[in-house]
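Peer 1: In the order they appear, the protein sequences are chains A and B.
Quick note on numbering: the first sequence equals residues 0 to 146 in numbering that gives the first Met the number 0.
Quick note on numbering: the second sequence equals residues 0 to 146 in numbering that gives the first Met the number 0.
Just so it is clear, CB atoms sit at the ideal spot from N, CA and C, and this is done for glycine as well.
Got a structure here, written out as structure tokens. Questions coming.
Protein chains: 2
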Amino acid sequence: MYRIGELASSFKVKNDTLRFYEKHGLLTPSHRSESGYRLYTEQDKKILSFILRAKTVGFSLADIHELLSIEVDKDNNACADVKIVVDAKLEEVERKIAELSHFQKSLKQLSDACCGGSGSAAQCTILEALESDINNLRPEHHHDEQE
Amino acid sequence: MYRIGELASSFKVKNDTLRFYEKHGLLTPSHRSESGYRLYTEQDKKILSFILRAKTVGFSLADIHELLSIEVDKDNNACADVKIVVDAKLEEVERKIAELSHFQKSLKQLSDACCGGSGSAAQCTILEALESDINNLRPEHHHDEQE
DNA sequence: CTTGACCTTTGACTAATGTCTAAGGTTTAT
DNA sequence: ATAAACCTTAGACATTAGTCAAAGGTCAAG
């Protein structure tokens, strides 16, 4: 079991952040010592890891709470509701992946054009790099026009 | 050219948000009318699109500002600095993609286990699904039971 | 020319996500 | 058995990213 300071420092967050997550129902330590100290288990540690990882890819604490609340139970009649939530999150994740793949491509182009790279540096900003494959990747966008 | 309200409503953001981005150096309209109205070009529209997309994948406005400031110029002696920034962002993007791919796999498992899927629902929460990935990297069972 | 929908600015307000302070109790090492 | 380093709570403060309100200017339609 970990005390708050141990868990916090091992993830480079503040003790206060863990108390904050607890207050908001995201991570409640599984135990308390006799004197009231929070005691976190390995499972609690995994939950914290999940929270922090989900945050880095743009999920809010509310989103994360929802993700953590998912419990699949095939015999439960709320199952269809769960599937709706799961599938919605799955779609969101897939949209994010597509977005990031696009950024990745553009950043690679820029990186390759840097410092005497063979690239023409015709795309010298991320916007131009993004645009250079916008027509392949994002058919939703159409032509430029001026008013 | 678009006035603020046109651009804002076409991206479902508030006029105030555009003024906020301007104040923070993210998106300055290319023109002003004689009477002082902001006038946005197609290029400005692309910048806004970029800002909003980058936000959904977890970049802060400060990150986005940095991304927008990247300008590759092979003849410029600041080029190495640019490459450092670009490569750092590229790594960040790749970490995010890896994170999301992991989530995606887990959510798929949960979705498949839902509502009479053949899956054992042994992984009934996202945490368990995430963990099962660590041991068992084979996400292949198809569902065929009655619904 | 007036009306209403738009725009301007400045500055105050809000929500989400922490972070810090104060006043005190606990644990561990010397 | 006392200091150092932990922990507790409640509540104030900070930062990020907007959002709203007030007081007024602009523009197209009737």
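Relative to the ligand HEM, is the shortest distance from any of its heavy atoms to the C-beta of A/Glu41 smaller than 7 Å?
Peer 2: What this structure holds is no ligand at all, so the ligand HEM is not there to describe.
Peer 1: Could you tell me whether the Cβ of B/Asp72 comes closer than 8 Å to any Cβ of chain A?
Peer 2: True, the Cβ-Cβ gap to chain A drops below 8 Å.
Peer 1: For the beta strand (DSSP E) containing B/Tyr39, list its first residue and its last residue.
Peer 2: B/Tyr39 -> beta strand (DSSP E) spans 37-39.
Peer 1: What does A/Val81 reach in chain B if we use C-beta pairs closer than 7 Å?
Peer 2: Near A/Val81 (Cβ distances below 7 Å), the residues of chain B are Cys113.
Peer 1: Closest to B/Ala79 by C-alpha separation, out of A/Cys113, A/Gly24, A/Lys22, would be which residue?
Peer 2: With distances taken between Cα atoms, B/Ala79 lies closest to A/Cys113.
Peer 1: What residues of chain B sit near A/Lys95, judged by a beta carbon separation below 7 Å?
Peer 2: Those within 7 Å of A/Lys95 in chain B are Thr55, Val56, Leu99.
Peer 1: Leaving out five residues before and five after A/Ala53 in sequence, what residues of the same chain have Cβ atoms less than 6 Å from its Cβ?
Peer 2: Taken in chain order, the residues that qualify are Ile63.
Peer 1: Could you check whether the stretch 98-108 of chain A touches the stretch 85-97 of chain B, counting it as contact only if at least three pairs of C-beta atoms, one from each stretch, sit closer than 8 Å?
Peer 2: Cβ pair count under 8 Å is three or more, so yes.
Peer 1: Determine whether the beta carbon atoms of B/Phe10 and B/Leu51 lie at a separation below 8 Å.
Peer 2: The answer is yes: Cβ separation under 8 Å.
Peer 1: Give me the Cα-Cα distance between B/Leu60 and A/Ser34, rounded to the nearest whole angstrom.
Peer 2: B/Leu60 and A/Ser34: Cα-Cα distance of roughly 43 Å.
Peer 1: Out of curiosity, what's the CA-to-CA distance linking B/Ala46 and A/Asp111?
Peer 2: The sequence shown places Ile at residue 46 of chain B, not Ala. Cα to Cα, the separation comes out at about 22 Å.
Peer 1: From A/Ala82 to B/Ile125, what does the alpha carbon distance come to, in whole angstroms?
Peer 2: The sequence shown places Lys at residue 82 of chain A, not Ala. For A/Lys82 and B/Ile125, the distance between alpha carbons rounds to 12 Å.
Peer 1: Apart from the five residues just before and just after A/Val84, which ones in its own chain have a Cβ nearer than 8 Å to its Cβ?
Peer 2: Closer than 8 Å at Cβ, skipping near neighbours: Glu65, Ile69.
Peer 1: Using 8 Å for Cβ pairs, my map puts A/Leu25 next to A/Ile3. What's the rounded Cβ distance?
Peer 2: About 14 Å separates the two Cβ atoms, so there is no contact after all.
Peer 1: Please list the partners that A/Lys41 has in chain B, where partner means a Cβ-to-Cβ separation under 9 Å.
Peer 2: Inspection of the sequence shows that residue 41 of chain A is occupied by Glu rather than by Lys. Those within 9 Å of A/Glu41 in chain B number zero; the least Cβ separation is about 11 Å.
Peer 1: Near B/Ser32, what residues of its chain come up, given a Cβ to Cβ distance below 7 Å and the 5 sequence neighbours on each side ignored?
Peer 2: Closer than 7 Å at Cβ, skipping near neighbours: Leu38.
Peer 1: Are the C-beta of A/Thr124 and some C-beta of chain B separated by less than 8 Å?
Peer 2: Chain B, which has a Cβ nearer than 8 Å to the Cβ of A/Thr124, makes this yes.
Peer 1: Just to confirm the assignment, what range does the alpha helix (DSSP H) spanning B/Val84 have?
Peer 2: Note, B/Val84: alpha helix (DSSP H), 78-112.
Peer 1: Taking only beta-carbon atoms, is B/Asp62 less than 8 Å away from chain A?
Peer 2: False, the Cβ-Cβ gap to chain A never drops below 8 Å.
Peer 1: Quick check on this structure: which residue in B/Glu98, B/Val71, B/Leu129, B/Gln108 has the alpha carbon closest to the alpha carbon of A/Gln108?
Peer 2: The residue with the shortest Cα to Cα distance from A/Gln108 is B/Val71.
Peer 1: Starting from B/Ser29, find everything on chain A with Cβ-Cβ shorter than 9 Å and list it in chain order.
Peer 2: Within 9 Å Cβ-Cβ: nothing; B/Ser29 doesn't reach chain A, min ~11 Å.
Peer 1: Quick one: is B/Lys45 near chain A, going by C-beta distance under 8 Å?
Peer 2: So, interface residue.
Peer 1: Using the C-alpha atoms, what's the distance from B/Ile96 back to A/Val56?
Peer 2: Their Cα atoms are separated by approximately 8 Å.
Peer 1: Does the CB of B/Ser131 have a neighbour CB from chain A at under 8 Å?
Peer 2: By this cut-off, B/Ser131 is not an interface position.
Peer 1: Have a look at A/Ser131, A/Leu106, A/Phe49 and flag the residue whose alpha-carbon is nearest the alpha-carbon of B/Ala128.
Peer 2: For the residues A/Ser131, A/Leu106, A/Phe49, the minimum Cα distance to B/Ala128 belongs to A/Phe49.
Peer 1: With a CB to CB cut of under 8 Å and the five nearest residues on each side skipped, what residues in its chain are close to B/Ala7?
Peer 2: Lys13, Asn14, Thr16, Leu17, listed in sequence order.
Peer 1: If you draw a straight line from the alpha carbon of A/Lys88 to that of A/Ser29, how long is it in whole angstroms?
Peer 2: Computed Cα separation, rounded: 27 Å.
Peer 1: Reducing DSSP to helix, strand and coil, say where A/His23 ends up.
Peer 2: Three-state result, A/His23: coil.
Peer 1: In the DSSP assignment, the alpha helix (DSSP H) including A/Asp62 goes from what residue to what residue?
Peer 2: Run containing A/Asp62: 60-68, per the alpha helix (DSSP H) assignment.
Peer 1: Below 8 Å on the Cβ atoms is my guess for A/Thr40 versus A/Met0; work out the distance and round it to an integer in Å.
Peer 2: About 6 Å; that satisfies the 8 Å criterion.
Peer 1: Closest by CA to B/Glu98, which one among A/Cys123, A/Phe58, A/Glu130, A/Asp86?
Peer 2: It is A/Phe58 whose Cα lies nearest to the Cα of B/Glu98.
Peer 1: Against chain B, with Cβ distances strictly below 8 Å, would A/Ser110 count as a contact?
Peer 2: True, the Cβ-Cβ gap to chain B drops below 8 Å.
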